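Peer 1: The structure is given below, and queries will be raised subsequently.
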Amino acid sequence: MSGQGAPRFSLYSAGCGELLCPLLLEIMDINDNAPVFRRETMHLDISESTAPGERFSLTNAVDADVGANSIKTYYLSESKYFTIEIQTGSDGSKYVDLVINSNLDREEQAVHHLILTAADGGVPARSSTASIILRVLDINDNAPYFNQSIYAINVTENSPIGTLVMKLNATDLDEGTNAEITYSYTLYTSEKTQEKFSLNSNTGEIKVKDGLVLQRTLFPHLKKYSRPELPLHVSMFWHCAPCRLSDRLTHFPMSYSFLLRGGTYSPGVVSVQLSAFY
Numbered sequence: 001m002s003g004q005g006a007p008r009f010s011l012y013s014a015g016c017g018e019l020l021c022p023l024l025l026e027i028m029d030i031n032d033n034a035p036v037f038r039r040e041t042m043h044l045d046i047s048e049s050t051a052p053g054e055r056f057s058l059t060n061a062v063d064a065d066v067g068a069n070s071i072k073t074y075y076l077s078e079s080k081y082f083t084i085e086i087q088t089g090s091d092g093s094k095y096v097d098l099v100i101n102s103n104l105d106r107e108e109q110a111v112h113h114l115i116l117t118a119a120d121g122g123v124p125a126r127s128s129t130a131s132i133i134l135r136v137l138d139i140n141d142n143a144p145y146f147n148q149s150i151y152a153i154n155v156t157e158n159s160p161i162g163t164l165v166m167k168l169n170a171t172d173l174d175e176g177t178n179a180e181i182t183y184s185y186t187l188y189t190s191e192k193t194q195e196k197f198s199l200n201s202n203t204g205e206i207k208v209k210d211g212l213v214l215q216r217t218l219f220p221h222l223k224k225y226s227r228p229e230l231p232l233h234v235s236m237f238w239h240c241a242p243c244r245l246s247d248r249l250t251h252f253p254m255s256y257s258f259l260l261r262g263g264t265y266s267p268g269v270v271s272v273q274l275s276a277f278y
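Under full-length UniProt numbering, the sequence shown has 165 at position 165, and the numbering climbs by one with no breaks.
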């Protein structure tokens, strides 16, 4: 017999006479069933901008036992970010909500692994567990940054068009589209500078675009930002100084002839020192 079926039965005793005696038989439940979760693993995606106090319904457990042997409470593994609240339905069933306890930060911890335990009221109590895998969704809360605020570069004045001057490399701690990089000149960058150097907005490569002039020092002002509708950005300067390339050949002031005397000369020993001019 099972206490999970009809708990009461009505019996009648028919004797030799006409008197009928009703009997009431009640089957007492024992705690022979543990709670069972409908899903052993629950997956939740929660934005890192979710405010503390927000709640999310979790899959509850069921117990075939009744009365005091049915589900009594739930427990959550230790976490500084989450707690649970237990609700009781009109039929006495227990339901559980996950509550955000403190601000989430995807850059600090992107995935949280929690264990939810359901326990019944039997003595001894029976219990079962379910896993909660909670993924923190990224928001664009980190501004990108360069490793340096100023970069100094020297370029020869005869550098052909298309010469790579430098390749920018900025970092963003966000992920997905929030970490996609776009480079551009700021409004403070002069038109002359932009005419001299091209900037690839996707790769960050800066190349010679037009002929360079000696002694003209350029201070392009660059900014880098992410691609979402409301991007965060950072700015940096780079200092480019074209270097002289002489159009005169280097020459010696006279002709030289040398006579090395016999003997042993070790590698690296200076035999003669010459001076050249241009």
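C-beta atoms are modelled at their ideal positions from N, C-alpha and C, and glycine is treated no differently. Bear in mind the structure is a predicted one, so any value in this text is a computation, not a measurement.
1) Roughly how many angstroms separate the alpha carbons of residue 32 and residue 65, rounded to a whole number?
2) Evaluate contact between the stretch 101-116 and the stretch 153-163, counting only Cβ atoms and requiring at least three cross-stretch pairs below 8 Å.
3) Answer with buried or exposed for residue 192, where buried requires no fewer than 16 other C-beta atoms within 10 angstroms of its C-beta.
4) Relative to the C-alpha of residue 127, which candidate in 84, 62, 93, 161 has its C-alpha closest?
5) Return the bridge partner residues of residue 85 from the DSSP annotation.
6) Any idea what DSSP makes of residue 80, helix, strand or coil?
7) Should the stretch 84-97 be called in touch with the stretch 120-136, which here means at least 3 C-beta pairs below 8 Å?
8) What does the Cβ neighbour count give for residue 164, buried or exposed, with the cut at 16 atoms within 10 Å?
9) Along the chain, where does the beta strand (DSSP E) that runs through residue 297 open and close?
10) What residue range is occupied by the uninterrupted alpha helix (DSSP H) comprising residue 163?
11) Here's the rule: buried if 16 or more other CB atoms are within 10 angstroms of the residue's CB, otherwise exposed. What is residue 144?
12) Name the residue from 209, 36, 48, 205 whose alpha carbon lies nearest to the alpha carbon of residue 137.
13) Below 6 Å CB to CB, which residues in the same chain sit around residue 197 once its five sequence neighbours on both sides are set aside?
14) Going by other Cβ atoms of all chains shown within 10 Å of its Cβ, with 16 needed for buried, is residue 46 buried or exposed?
15) Residue 94 and residue 71 - do their beta-carbons sit closer together than 7 Å?
16) What do you reckon, are the CB atoms on residue 146 and residue 170 nearer than 7 Å?
17) DSSP on residue 189, reduced to helix/strand/coil?
18) Any idea if residue 58 is buried or exposed, counting beta-carbon neighbours within 10 angstroms, 16 or more meaning buried?
19) From the DSSP secondary-structure annotation, give me the bridge partner or partners of residue 42.
20) Please report the straight-line C-alpha distance between residue 103 and residue 55, rounded to a whole angstrom.
21) Cβ of residue 140 within 7 Å of Cβ of residue 174?
22) What is the DSSP secondary structure of residue 154, reduced to helix, strand or coil?
23) Distance check for residue 167 and residue 181, CA to CA, integer angstroms please.
Peer 2: Here's the rundown:
1) Each residue's Cα considered, the two are about 7 Å apart.
2) By the Cβ rule, the stretch 101-116 does not count as touching the stretch 153-163, because fewer than three pairs are nearer than 8 Å.
3) That one is exposed.
4) When each option's Cα is compared against that of residue 127, the closest is 62.
5) Paired residues: 97.
6) Shown here, residue 80 sits in coil according to DSSP, grouped into three states, outside any helix or strand.
7) The answer is no - the stretch 120-136 does not touch the stretch 84-97, with fewer than three Cβ pairs under 8 Å.
8) Its Cβ having fewer than 16 others within 10 Å, residue 164 is exposed.
9) Given that the chain is displayed from residue 1 to residue 278, the structure contains no residue 297 and the question cannot be resolved.
10) From DSSP, residue 163 is part of no alpha helix (DSSP H); its letter is neither H nor E.
11) Counting every other CB atom within 10 Å of its CB across the protein chains shown gives residue 144 a total of 16 or more, marking it as buried.
12) The candidate whose alpha carbon is nearest that of residue 137 is 48.
13) Leaving aside the five residues that flank residue 197 on each side, the residues in its chain whose CB is nearer than 6 Å to its CB run, in chain order, 206, 209.
14) That one is buried.
15) It is a contact, given that the beta carbons lie within the stated cut-off.
16) Yes.
17) Reduced to three states, the DSSP call for residue 189 is coil.
18) When all chains shown are included, residue 58 counts as buried.
19) Answer is 132.
20) Spanning the two alpha carbons is a distance of roughly 13 Å.
21) In contact: residue 140 and residue 174 (Cβ atoms closer than 7 Å).
22) Strand, per DSSP.
23) Computed Cα separation, rounded: 13 Å.
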